[in-house]
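**Q** Those protein sequences? They're chains B and W, same order as listed.
Counting from 4, one number per residue, gives the positions in the first sequence under the numbering used here.
Counting from 556, one number per residue, gives the positions in the second sequence under the numbering used here.
Virtual Cβ for every residue (Gly too), placed ideally from N, Cα, C.
Before anything else, here's the structure in question.
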Amino acid sequence: GAVVSQHPSRVICKSGTSVKIECRSLDFQATTMFWYRQFPKQSLMLMATSNEGSKATYEQGVEKDKFLINHASLTLSTLTVTSAHPEDSSFYICSARDVGPSGGDTDTQYFGPGTRLTVL
Amino acid sequence: DAKTTQPPSMDCAEGRAANLPCNHSTISGNEYVYWYRQIHSQGPQYIIHGLKNNETNEMASLIITEDRKSSTLILPHATLRDTAVYYCIVRVASTASKLTFGTGTRLQVTL
């Protein structure tokens with residue numbers, strides 16, 4: 004299957020600082036990437052949909068000015084958590100949409116390994 | 556996208572087949588059934604998806620009932636490494652539609 008990487012895998016930062024997380028599709032081009040957040044013992048919650056070359060679409064309740072998303076190329080999307088606070092501590096996971104070699108109508112999302120953010 | 560219902564937890568002995576059910580009684584004709592799993596502290600892993608025919612790959616088999624209102628994911632020979640939360644998700648595949656994760660089934664494979 005397609006491979007998606009994330010960097011860093013783990014980050015600890017002080018309250019008030021900004022943290023950037025990178026998501027890369029390694030062996031396919033992804034016009035669409037997604038960012039999720041997962042709190043302990045909970046399921047994944049979609050934060051935003053990132054489309055290459057255009058503005059991200061945020062889910063209801065997610066602050067776009069706090070979670071900045073950039074999708075400047077077909078293989079890279081970044082999530083920046085600005086002015087992070089302890090309540091932003093979570094497991095952040097990205098996924099990339101692979102439409103397949105023929106560009107058919109069955110696409111599959113492949114997920115990165117996740118980034119654990121701890122804000123002190 | 557249609558809602559899915561899964562049992563919260565299941566146990567399976569190592570080496571035996573694990574059969575994970577999913578109910579999706581409100582599925583529409585253009586919605587696919589996707590299965591993902593999440594091993595603790597990792598990102599979800601794609602397993603398999605299907606529309607109406609049964610599907611098999613190197614990881615698992617997907618059996619979809621004729622009326623498409625339910626499906627079963629089969630891990631033919633479960634190992635300890637298959638212990639994870641398994642998510643059944645229904646979505647339209649022809650657009651960049653969202654994956655909405657429910658609570659899934661926590662499969663515990665035991666010796």
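Among the residues of its own chain, which have a CB less than 7 Å from the CB of residue 569 (chain W), if the five just before and after it don't count?
**A** These residues qualify, in order along the chain: 633, 634, 635, 664, 665 and 666.
**Q** Would you mind sorting residue 586 (chain W) into buried or exposed? The rule is 16 or more other CB atoms within 10 Å of its CB.
**A** Burial call: buried.
**Q** Measuring alpha carbon to alpha carbon, tell me which residue in B:101, B:59 and B:116 is nearest residue 69 (chain B).
**A** Shortest Cα-Cα distance from residue 69 (chain B) to any of B:101, B:59 and B:116 involves B:59.
**Q** Based on Cα-Cα distance, which residue from B:12, B:25 and B:33 lies nearest to residue 100 (chain B)?
**A** B:33
**Q** Look up residue 600 (chain W) in the DSSP assignment and give the residues it is bridged to.
**A** W:592
**Q** Using the three-state DSSP reduction, which class does residue 558 (chain W) fall into: helix, strand or coil?
**A** coil
**Q** Roughly how many angstroms separate the alpha carbons of residue 20 (chain B) and residue 48 (chain B), rounded to a whole number?
**A** 23 Å
**Q** Going along the stretch 9-40 of chain B in order, which residues come within less than 7 Å of chain W, judged by CB to CB distance?
**A** 35
**Q** When you compare the CB positions of residue 612 (chain W) and residue 619 (chain W), do they come within less than 9 Å of one another, or not?
**A** no
**Q** For residue 84 (chain B), count neighbouring Cβ atoms within 10 angstroms of its own Cβ and tell me buried if that reaches 16, exposed if not.
**A** With 16 or more Cβ atoms within 10 Å of its Cβ, residue 84 (chain B) is classed as buried.
**Q** By Cβ distance below 8 Å, which residues in the same chain neighbour residue 30 (chain B) in space, the five residues on each side in sequence not counted?
**A** 5 and 6
**Q** Between residue 118 (chain B) and residue 9 (chain B), how many whole angstroms is the CB-CB distance? I'm expecting something under 8 Å.
**A** Residue 118 (chain B) to residue 9 (chain B), Cβ: 5 Å. Contact.
**Q** Check for me: the beta strand (DSSP E) holding residue 119 (chain B) runs from which residue to which?
**A** 118-122 is the extent of the beta strand (DSSP E) around residue 119 (chain B).
**Q** What does the alpha-carbon distance come out to for the pair residue 38 (chain B) and residue 631 (chain W)?
**A** 32 Å
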